[in-house]
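Reading through the structure tokens given below for one structure.
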Amino acid sequence: MKYFLLALLALLAGTPFYGLGNYPLHLVIMCLLWGYVYTSWSIMGRLGLVSFGHGAFLGIGAYSVVMLWNHFGVSPWIGAIAGVVVSVIVAVIIGLPCFRFKIVGHYFALVTLALSEVTRLIIVALRDQTGGSLGATPNTALAQGNAWSLGALQFSEKIVWFYAILAVWLAGLWVWAKVDRGMTRLALEAISQEEEAAASIGINVTRSKLFVTLISAVMTSIGGVLYAQYQLYINPETVSGISISLQMVFGVIAGGMYVMLGPTVGAVFTLLLAEGLRLALGDSFKQFPALDLAIYGLMLVLFIIHMPKGILGTAAQIWQRRAAAKAPARG
Amino acid sequence: MLEVSGLTKRFGGFTAVSGVSFSLKEGEILGLIGPNGSGKSTTFNLIAGLHAPSAGSVRLNGEEIGGLLPAAICHRGIARTFQIPRPFRKLSLIENVVLAAFYGQEERPSRGKAHEFARESLNLVGLPIEESARVDGLGAAGLKKLELARALATQPRVLLADESLGGLDHAEMEQAADMLSMIRREKGITIIWVEHIMGVLMRVVDRCIVLDHGELIAQGKPAEVAHDPKVIEVYLGTDAADVQKTVADRTQ
Numbered sequence: 004m005k006y007f008l009l010a011l012l013a014l015l016a017g018t019p020f021y022g023l024g025n026y027p028l029h030l031v032i033m034c035l036l037w038g039y040v041y042t043s044w045s046i047m048g049r050l051g052l053v054s055f056g057h058g059a060f061l062g063i064g065a066y067s068v069v070m071l072w073n074h075f076g077v078s079p080w081i082g083a084i085a086g087v088v089v090s091v092i093v094a095v096i097i098g099l100p101c102f103r104f105k106i107v108g109h110y111f112a113l114v115t116l117a118l119s120e121v122t123r124l125i126i127v128a129l130r131d132q133t134g135g136s137l138g139a140t141p142n143t144a145l146a147q148g149n150a151w152s153l154g155a156l157q158f159s160e161k162i163v164w165f166y167a168i169l170a171v172w173l174a175g176l177w178v179w180a181k182v183d184r185g186m187t188r189l190a191l192e193a194i195s196q197e198e199e200a201a202a203s204i205g206i207n208v209t210r211s212k213l214f215v216t217l218i219s220a221v222m223t224s225i226g227g228v229l230y231a232q233y234q235l236y237i238n239p240e241t242v243s244g245i246s247i248s249l250q251m252v253f254g255v256i257a258g259g260m261y262v263m264l265g266p267t268v269g270a271v272f273t274l275l276l277a278e279g280l281r282l283a284l285g286d287s288f289k290q291f292p293a294l295d296l297a298i299y300g301l302m303l304v305l306f307i308i309h310m311p312k313g314i315l316g317t318a319a320q321i322w323q324r325r326a327a328a329k330a331p332a333r334g
Numbered sequence: 008m009l010e011v012s013g014l015t016k017r018f019g020g021f022t023a024v025s026g027v028s029f030s031l032k033e034g035e036i037l038g039l040i041g042p043n044g045s046g047k048s049t050t051f052n053l054i055a056g057l058h059a060p061s062a063g064s065v066r067l068n069g070e071e072i073g074g075l076l077p078a079a080i081c082h083r084g085i086a087r088t089f090q091i092p093r094p095f096r097k098l099s100l101i102e103n104v105v106l107a108a109f110y111g112q113e114e115r116p117s118r119g120k121a122h123e124f125a126r127e128s129l130n131l132v133g134l135p136i137e138e139s140a141r142v143d144g145l146g147a148a149g150l151k152k153l154e155l156a157r158a159l160a161t162q163p164r165v166l167l168a169d170e171s172l173g174g175l176d177h178a179e180m181e182q183a184a185d186m187l188s189m190i191r192r193e194k195g196i197t198i199i200w201v202e203h204i205m206g207v208l209m210r211v212v213d214r215c216i217v218l219d220h221g222e223l224i225a226q227g228k229p230a231e232v233a234h235d236p237k238v239i240e241v242y243l244g245t246d247a248a249d250v251q252k253t254v255a256d257r258t259q
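Protein chains in written order, with our numbering: chain A, 4 to 334; chain B, 8 to 259.
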């Protein structure tokens, strides 16, 4: 299994050299980027903290870098730090009261849902600074025929982005695995099952929840930064609000919340679905602007009912069962 | 070592516990009894930090602990069990107890040490220590044992054992009583035992206090309490003779 994954990684790392052309490479980069963002979401989502507010952190990251760069000429590296700091502050403001006063389950989902929508509305309302719903483009630093500018975090070569985002995605998986093996995961599972009993054996409920929330929020806002710098265009709909937040929840549940590569599989699935819909429906897609959202919603319900462990989780289960069925025959 | 004075809890206009005072001596087993709705569970939850007192104080070795959160109370060395067992069902048996061993003390032990504490606690109450043992297979008595093992793994000095509404038959209750005295003997832990059926408890406790309608109506040695006219009137009723017999058997 380990060698299989390493081989897969090697195959993936060679992607830019297969002569696929720009569009397929772009799709792979987007899969990795969203795979990273979904992985970030699942770090808290799988532990009973189902957030519909991660669009907020994505938006904060994306708009922080672009606004600081466009209005004050601040390097995206510093802008990214600013975005992370703001995300941490917002996560604490939302998380602390929720965790302290036992706002869990549906109520937590509602609070976070409001957060993502408030963020979108703020971005739209500050249209003089943010460009409102038309979105914003970072001022280019590549005017003098430079292929890339490290200081401005702008690269015209997709290959640079491919490796940068591959590295960030791997780092995200590493954090996921680290949390998975840690005592905090057990503590949070205990909290999500029996909060009072968990507190009675000395687990600091608020601190444990805040810990994973901050990790998840920080990682997600870094995802927002990467999205802005890679796409060189952001708008409130694509990096904040209900639609992207719902898409994250859908992607992770579809892929599988409880396995490391589940969120990434979910990202691939969501992206293929979106591209497939675009190709299949063509122009009629534009006439029903919320059609994709309606389809996500419907599929989310179907997944929760029929495949709660997601695509990868279910596949792993079937595989294990087969292995278990074979084992006695061999013996 | 535990000093409760004037403890009061009001929920809106309803006073669940009213001016309750008692003390707990190191190494004893104190019975806390009373009929349903007498305020014993509230008293218990006030000490354990699940509720903050409206008035009064709870002191542990002189330090005020009333109003601290449950996790902080646990770190001070007071562990509790729940009336209705609350296991972490999706975790394995040993994980349930390892968590308590790891987080239960102010200074966190290493993971290896936490496993050691967990195995020791499971052994003490007689539950399996295999990694593969699940919570699912446990019956009512097994779940009660798990509650105890989890509490013990936090290395407490005081154990608050809520045994009321246990859903145990008479033989199982006898076993539970024996287990509490064994825990005191083996680990030197001071125990408050909450119960609403007096019989079995009277055999094991050193002293007991009786609550009714949120007020303390009697305290003393089992023999004194069992013959207290007030206790007989509000609580024991027709069972008085049985309970007095249990106490008498014990002294023989």
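Glycine is no exception: its CB is placed at the ideal position from the N, C-alpha and C atoms.
Residue 14 of chain B sits in a strand when the DSSP states are folded into three classes. Counted as a single uninterrupted DSSP element, the alpha helix (DSSP H) harbouring residue 147 of chain B occupies residues 147-160. Taking C-alpha positions only, residue 58 of chain A is separated from residue 27 of chain A by approximately 26 Å. Using a Cβ-Cβ cut-off of 9 Å, residue 102 of chain B is close to 189, 192, 193 of chain A, given in chain order. Chain-ordered listing is empty here: chain A has no CB closer than 7 Å to the CB of residue 251 of chain B, the nearest sitting near 36 Å. Residue 164 of chain B is outside the set of residues whose beta carbon lies under 8 Å from a beta carbon in chain A. In the three-state reduction of the DSSP assignment, residue 143 of chain B falls in the coil class. As the crow flies, the alpha-carbon of residue 273 of chain A is around 26 Å from that of residue 94 of chain A.
A buried status is given to residue 58 of chain B, since no fewer than 16 other beta-carbon atoms sit within 10 Å of its beta-carbon. Listed in chain order, the beta strand (DSSP E) elements of length 3 or more contained wholly in the stretch 27-115 of chain B are 36-40, 62-67, 85-87.
Inter-residue distance for residue 299 of chain A and residue 105 of chain B is about 40 Å (C-alpha atoms, whole angstroms). Note on geometry: alpha-carbon atoms of residue 60 of chain B and residue 15 of chain B lie some 6 Å from one another. For residue 51 of chain B, no Cβ of chain A is located within less than 8 Å of the residue's own Cβ.
Taking C-beta atoms as the reference points, residue 165 of chain A and residue 266 of chain A fail to come closer than 8 Å.
Residues are counted here when their Cβ sits less than 7 Å from a Cβ of chain B; for the stretch 215-246 of chain A the count is zero.
Interface with chain B (8 Å Cβ-Cβ cutoff): residue 196 of chain A is included. Where residue 216 of chain B is concerned, the enclosing beta strand (DSSP E) starts and stops at 214-219. If you draw a straight line from the Cα of residue 315 of chain A to the Cα of residue 259 of chain A, it comes to about 5 Å. Neighbours of residue 186 of chain A in chain B, taken as residues whose beta carbon is under 9 Å from its own, are 105, 106, 109, 110, 115, 118, 121 in chain order.
For a Cβ distance threshold of 7 Å, residue set 81, 106, 107, 110, 111, 157, 161 of chain B lies close to residue 204 of chain A, ordered along the chain. If you draw a 10 Å sphere on the C-beta of residue 162 of chain B, you find 16 or more other C-beta atoms in it, and that means buried.
With a threshold of 16 other beta carbon atoms within 10 Å, residue 322 of chain A falls short and is exposed. For residue 240 of chain A, the three-state secondary structure derived from DSSP is helix.
Here residue 104 of chain A is exposed. Its C-beta has fewer than 16 other C-beta atoms within 10 Å.
When the Cα atoms are used, residue 211 of chain B and residue 200 of chain A turn out to be separated by approximately 27 Å. By the CB criterion at 8 Å, residue 232 of chain B and residue 215 of chain B fall inside the cutoff. Burial of residue 255 of chain A is indicated by the presence of at least 16 other C-beta atoms within 10 angstroms of its C-beta. Scanning its chain for C-beta atoms nearer than 7 Å, with the 5 sequence neighbours on each side dropped, one finds around residue 310 of chain A the residues 317, in chain order. About 20 Å separates the CB atoms of residue 129 of chain A and residue 79 of chain A; that is not less than 8 Å, and the two are not in contact.
Taken through DSSP and simplified to helix, strand or coil, residue 104 of chain A comes out as coil.
Residue state for residue 138 of chain B is assigned as coil, using DSSP reduced to three classes.
The C-beta of residue 78 of chain B comes closer than 8 Å to at least one C-beta of chain A. Between residue 181 of chain A and residue 32 of chain A, the beta carbon gap of about 25 Å keeps them out of contact (Cβ cut-off 8 Å). Of all residues in the stretch 33-64 of chain B, only 55, 56, 57 come within less than 9 Å of chain A when Cβ atoms are compared, listed by chain position.
Here residue 39 of chain B is not near residue 86 of chain B, since their CB atoms are 8 Å or more apart.
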